[in-house]
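Here my numbering is used: the first residue of the sequence shown is 574, the next is one more, and so on. What follows is a short report on a single structure.
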Amino acid sequence: MSAKQCIWIINHYAALESKDGWAGRHQALASHLARQAWEPILYLASTGHPVGRQHLRGMTMRVSAEEDGVRHLMLRTPGYEGNGLGRMLNMAVFGLQLLLPWNRRGITAPSLVIGSTVHPLAAWSAYRLARTYKVPFVFEIRDVWPDALVHLGQLDEDSLPARAMRRLMSYLIRKADMVLSPLPGVADYVSALGVQGKPFLWVSNGAEAADLPAPRDREDRDEFVFMYLGSFGNAMAVEHLVSAFERVCEARPDLRLTFRLIGDGPKKSEFERQSAASSVADRIHFEPRIARKDVVSRAGEADCLVHSLHDHRVYDFGISPNKLFDYLLASRPIVFATNAQHNPISDSGAGRVVPAENVEAISDAMLAIVSMSQEERVALGRKGRTHLLEHYTYAALADKLSEGLSALTGEAIDNSNKVQQ
């Protein structure tokens, strides 16, 4: 590329270190693209999710700032609580704000526009902007709406909102110059809609590894610690982890076993009640949510990390949970319960992957890790970290994204400005 080309990345819920305490997928990818031959500009809403708290003071309608080499524009949207009408209004306002000409005043015109879900309204506005500037439109599908909501029991398949979202998703896929996703199975989803030959690029979620040394190897101790770090929501089958841990304790009464669960979410109190009623309640400890930057070091306090998903059809498209990449970076053996065909734990060989919602299989896998020698557990953890550093750092993922975007803009790649990792 003879000069930097500008990419507009539109993500309603983009996470920033300054706003959310951690840098999300788009900020991380953009920061590496900015070190190459791109000028990324990130558009996001002034409210976070799931809390919906307002981050702009007074009547400020727009804030432009720079973070880690990436310019971002935060557009005011109304605060909200929960998933009701307030959130729907918040979505609609963000989509409208994107289209107002004065919100783009003083901003470099794009060579390409990426419109990202969660919700497709923001992606539709991104498509309209791409048409306004007569540049390629990339539709990023991070959640397959409405299928994800339907399969999680949050929306009726034949409801008016579901039908409207399905039509909008299909429309955006057909209009896109490329479909981008962290879920490898989205390519099959696109084909199932009858759209053939649409360019598709899989760019997984990942981890920012540059400043995170591996935690020290665990030493043989009297206590063995299982740990879960993540959200306590409908998608996470934490109840099966609790039941499996109880079985492990019953099978190995000779060991001092502990289960630490770290995070927050709407179902946390339900899981706490379940744990309090178990026969090993004194060994199960719930802890508050921690900052993303502290996750890897906290995970290093575990002997084995565990994660569990429900058996939902939505996972047929693949999975890319941020916590799994943090787990791999922590260099610890992992037990993961899922029916997803594509997952980084299987690919890395960093532990045991078992069927979702199968408490017996989960407990057997946990027992297998407990029964290993310390050397065997260390070897598993190192395999996982090595796999992540080879395939899932945001620096490597940004290279892959850069190549795909360059094919759209018709420019050759010039990485002469790239910062060496």
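Ideal placement from N, C-alpha and C gives every residue a C-beta, glycine not left out.
Alpha carbon of residue i to alpha carbon of residue j, nearest angstrom
i: alanine 929; j: valine 711; result: 33 Å
i: alanine 941; j: valine 811; result: 20 Å
i: isoleucine 860; j: glycine 770; result: Checking the sequence, you will find glutamate at residue 860 rather than isoleucine. Answer to the nearest angstrom: the Cα atoms are 48 Å apart.
i: valine 951; j: serine 904; result: 8 Å
i: tyrosine 700; j: threonine 690; result: 12 Å
i: alanine 817; j: phenylalanine 832; result: 11 Å
i: arginine 820; j: serine 852; result: 10 Å
i: leucine 774; j: glutamate 948; result: 39 Å
i: histidine 622; j: proline 826; result: 42 Å
i: leucine 981; j: tryptophan 718; result: 25 Å
i: phenylalanine 898; j: histidine 724; result: 25 Å
i: valine 932; j: glutamine 847; result: 15 Å
i: glycine 977; j: glutamate 845; result: 45 Å
i: histidine 645; j: asparagine 807; result: 32 Å
i: alanine 850; j: histidine 813; result: 14 Å
i: alanine 665; j: alanine 695; result: 8 Å
i: asparagine 990; j: aspartate 972; result: For asparagine 990, the predicted structure reports a pLDDT of 38, less than 50, and the residue's modelled location is therefore unreliable. The matter cannot be settled from this model.
i: glutamate 843; j: alanine 749; result: 42 Å
i: glycine 726; j: serine 619; result: 29 Å
Close beta carbons around residue i, own chain, < 6 Å, minus the five adjacent residues each side
i: cysteine 579; result: Glu612, Thr681, Pro683 and Ser684
i: serine 533; result: The question about residue 533 has no answer here: the residues shown for the chain are numbered 574 through 994.
i: valine 927; result: Ala910, Ala934, Ile935 and Ala938
i: leucine 671; result: Ser698
i: glycine 983; result: none
i: asparagine 988; result: Residue placement at asparagine 988 cannot be trusted, given a pLDDT of 41 that sits under 50; the coordinates are not used to answer.
i: glycine 957; result: Leu901, Ser921 and Ala923
i: valine 992; result: Confidence is the limiting factor: at valine 992 the pLDDT is only 33, short of 50, which leaves the residue's position unreliable, though a coordinate-based value still follows. If we look at valine 992 and ignore the five residues flanking it on each side, its Cβ neighbours are Arg608.
i: glycine 625; result: Gly652, Tyr653 and Glu654
Same chain, Cβ closer than 7 Å to residue i, neighbours up to 5 away in sequence not counted
i: leucine 953; result: Pro906, Ala923 and Gly924
i: lysine 577; result: Ala610, Trp611 and Glu612
i: arginine 747; result: Val768
i: serine 591; result: Glu640
i: valine 708; result: Pro683, Ser684, Leu685 and Val686
i: alanine 603; result: Ile582, Pro613, Leu615 and Val643
i: serine 893; result: Pro755, Leu756, Ser777 and Asn778
Contact belief for residue i with residue j at Cβ below 8 Å, rounded distance in angstroms
i: methionine 945; j: valine 879; result: Contact flag wrong, Cβ pair sits at about 15 Å.
i: arginine 862; j: glycine 836; result: 5 Å
i: lysine 585; j: leucine 617; result: Lysine is not the amino acid found at residue 585; the sequence shown has histidine there. At roughly 7 Å, the Cβ-Cβ gap stays under 8 Å, so histidine 585 and leucine 617 are in contact.
i: arginine 856; j: leucine 830; result: 6 Å
i: glycine 758; j: aspartate 884; result: Their Cβ separation, rounded to whole angstroms, is 15 Å, which puts glycine 758 and aspartate 884 out of contact at 8 Å.
i: lysine 554; j: leucine 974; result: Examination of residue 554 is not possible in this model, given that the chain is present from 574 through 994 alone.
8 Å CB neighbourhood of residue i in its chain, flanking five on each side removed
i: glutamate 781; result: Ala596, Ala601, Thr966 and Tyr967
i: alanine 735; result: Pro719, Leu722, Val723, Leu728 and Asp729
7 Å Cβ cutoff, residue i in contact with chain D
i: alanine 875; result: You won't find chain D in this structure, because it holds only one protein chain.
Inside the segment 577-622 only - beta strand (DSSP E) runs reaching at least 3 residues: 578-583 and 611-618
Stretch-stretch touch, CB-based, cutoff 8 Å, three pairs: the segment 704-723 with the segment 648-656: no
Validate contact between the segment 590-597 and the segment 664-679 using beta carbons, cut 8 Å, 3 pairs: no
Three-pair Cβ contact test at 8 Å for the segment 793-811 versus the segment 872-889: yes
Secondary structure, beta strand (DSSP E): runs of 3+ residues fully inside the segment 861-915: 877-881 and 907-910
Length at least 3, wholly inside the segment 651-705: the beta strand (DSSP E) runs in chain order: 685-689
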